[in-house]
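The numbering of the sequence shown is our numbering, which starts it at 645 and goes up by one. In what follows, a single structure is set out as structure tokens and then discussed.
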Amino acid sequence: MTSRIIAVDPFNLVVFGGAGDLAFRKLIPAMYHRHRDGQLPAESGIYGVSRRAMSDDEYRKAAGDALKEHVAAEELEPDVLDAFLQRLHFVSIDVMKEGGGWNVLKAALDKTPNRIRAFYLAVAPELFGTICQMLGSHGLVTPESRVIIEKPIGHDLASAEQVNDSVGKVFEESQIYRIDHYLGKETVQNLMALRFGNALFEPLWNAEHIDHVQITVAETLGVEGRGDYYDHSGALRDIVQNHMMQLLCLIAMEPPAHMDADAMRDEKLKVLHALKPIDEKTANLVTVRGQYRAGAIGGEAVPSYLSEVANKESTTDTFVALKAEIGNWRWAGVPFYLRTGKRLPTRVSEIVVAFKRIPHSIFDTNAGAIDPNMLVIRIQPKEGVKLWLMIKDPGPGGMRLRYVPLDMSFAEAFKVRSPDAYERLIMDVIRGNQTLFMRRDEVEAAWKWIDPIQESWDHSAEAPKTYNAGTWGPSASVALIERDGRTWHDEAA
Ligand code: BG6
């Protein structure tokens, strides 16, 4: 099976923070793959921007080294790599200062004034406003320009509004691409294919047939040198507010009339608006926040969170479990259990749609237990879909039932490389397709729901519950779902 490559129009990609971690780890490798697949027009260039002084050659050398680290050796053919590196240029800009490097960048881009320009702000969010303003005041923003920003977009509703206002002063909403890299993951897009490309599920996709939904985003990683950022964020803001809310929206939204960006985002927004608020009265009943102590993962000792961050009394959450409810006709009474954490035993992101039990059994007790059907959508790793069914245990011995999955592993079914999220997302920016990007109102609606949870934790005298690194979070997370007579799906465990 081969994938289909549709070349994009000529463009220039300008990466602020061009010599930073995101650029070297994700963006340059993503562009390399698109180049290697023949998707980039010959004339398209990539401009790395940073404050430090570097020549084009030095930048190409640094990018080449990063590619050797982040791209599989068999995908790095020397001639392809050389041709790709020739696309790279470097411009030194102190973004706080007028003139200087800004004029150099303008002169370079103005050689082709009508070409698509994508400005990727891979920098601290505090700089988003300044960079946009400078882009505007130096005449760099053309009708064919787009800006790409990524979380954190604020740390609460008020600060998100400020970020959105400052970017919105220079760029129209139709030019702003807010990345949630989960939306670029193949398996997340597959949610839409699964729900809306099959007639099978939609009639059952409601409170009448679905008992509950679980969404798990588990990581083995700790804060990985991002302690400063993370300690001011925590799992609720870092993962739940964006990636998990997006997954929840894709599972719960009504079918949009088409895949058009606004049709999709209108439906996602309705889900966010229908979420039942969790506030100080309910937070301790339906949310659990945890923080890891020292422990071990895969036999390796792992230090505690507090030893990894500067504030030794930090109460930042590295684990969250919560029960969300959507107050609308489709979902009334169906709990959505969400859990995410750092330093859990394994890395897994998955969605479990648990169907209701059969209303009546015709089998006698020798047949064994009849488990409810379950659709498990594995986002990563080992991407795939499993539909758990009851079948007759083969062979003699009467009617005995067995619970087995119809199991589809994408890696085995399709022998194509699964592209990284950034490859798809950057190409969509060039194409001008905002479907997989968050609209301003979505980001703000998600904060509106998250803020009262965060506030109730901030006002609580109770510290986060601790858990040993390498376990599935505090026992209160198990209690949260077991109180309702349900359990976390244990394939994830
Ligand atoms: C990022 C978070 O958005 O997502 C990180 O800031 C987290 O803390 C990462 O590790 C997880 O992404 P992925 O693609 O590895 O699941």
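Backbone N, C-alpha and C fix where the C-beta goes; we use that ideal spot for every residue, glycine too.
_What residue range does the alpha helix (DSSP H) around Asn928 cover?_
Annotation for Asn928: the continuous alpha helix (DSSP H) segment containing it runs 927-930.
*How about Lys1026: is its Cβ closer than 7 Å to a heavy atom in ligand 1?*
Outside the cutoff, so no.
*Run the proximity test for Ile883: is its beta-carbon closer than 7 Å to any non-hydrogen atom belonging to ligand 1?*
Under cutoff, so the answer is yes.
_Less than 8 Å between the C-beta atoms of Gly939 and Ala751, yes or no?_
In this structure, Ala751 does not lie closer than 8 Å to Gly939 by Cβ.
*Among the residues of its own chain, which have a CB less than 8 Å from the CB of Ala651, if the five just before and after it don't count?*
Taking C-beta separations shorter than 8 Å and ignoring five residues to either side along the sequence, the partners of Ala651 in its chain run Gly682, Gln683, Leu684, Pro685, following chain order.
_N-terminal and C-terminal residue of the alpha helix (DSSP H) that Gly745 is part of_ = That run of the alpha helix (DSSP H) goes 745-753.
*Neighbour-count burial assignment, Trp973, 16 or more Cβ in a 10 Å radius*: Classification for Trp973: exposed.
*Using DSSP with H/G/I as helix, E/B as strand and the rest coil, what is Pro1049?*
Pro1049 sits in a strand when the DSSP states are folded into three classes.
*List the residues that DSSP assigns as beta-bridge partners of Lys1030.*
Paired residue(s): Val1020, Asp1051.
*Ends of the beta strand (DSSP E) at Ala976?*
Following the DSSP letters along the chain, one finds Ala976 in no beta strand (DSSP E), marked with neither H nor E.
*Thr1115 to Met836 span [Cα, whole Å]*: CA-CA distance, Thr1115 to Met836, rounds to 32 Å.
_Assigned exposure category for Asn850 - 16 Cβ within 10 Å defines buried_ = Result: exposed.
_I believe Phe728 touches Met698 by the beta-carbon criterion, under 8 Å. Please report the beta-carbon distance rounded to the nearest angstrom._
That belief does not hold up - the Cβ atoms of Phe728 and Met698 are roughly 18 Å apart, past 8 Å.
*With Asp855 as the anchor, note down where its alpha helix (DSSP H) starts and where it stops.*
Counted as a single uninterrupted DSSP element, the stretch harbouring Asp855 is not any alpha helix (DSSP H) but the beta strand (DSSP E) occupying residues 854-862.
*If you count every other CB in all the chains shown that lies within 10 Å of the CB of Pro1118, and 16 or more means buried, which is it?*
Here Pro1118 is buried, its C-beta having at least 16 other C-beta atoms within 10 Å.
*For the 8 Å Cβ check, are there 3 or more pairs between the segment 1033-1044 and the segment 1002-1014?*
Touching, yes, given that three or more Cβ pairs across the two stretches are closer than 8 Å.
*Answer yes or no: the CB of His714 versus the heavy atoms of ligand 1, is any distance below 7 Å?*
Because no heavy atom of ligand 1 lies under 7 Å away, the Cβ of His714 does not count as near it: no.
*Which residue's Cα is closest to the Cα of Gly744: Thr990, Val867, Ser694, Phe1007?*
Ranking Thr990, Val867, Ser694, Phe1007 by Cα distance to Gly744 puts Ser694 first.
*Is it right to say Ile895 is buried, meaning 16 or more other beta carbons lie within 10 angstroms of its own, or is it exposed?*
With 16 or more other Cβ atoms within 10 Å, it is buried.
*Using three-state DSSP, classify Gln890 as helix, strand or coil.*
Gln890: helix per DSSP, three-state reduction.
*Given Ser810, which residues of its chain have a CB within under 6 Å of its CB, disregarding the five upstream and five downstream residues?*
Around Ser810: Gly773.
*Less than 8 Å separating the beta-carbons of Pro1108 and Thr959?*
If you check the CB distance, Pro1108 and Thr959 come in under 8 Å.
*How close, in whole Å, do the beta carbons of Trp1093 and Gly798 come, if the pair is a contact with beta carbons under 8 Å?*
Under the criterion of beta carbons closer than 8 Å, Trp1093 and Gly798 do not qualify as touching, at roughly 14 Å.
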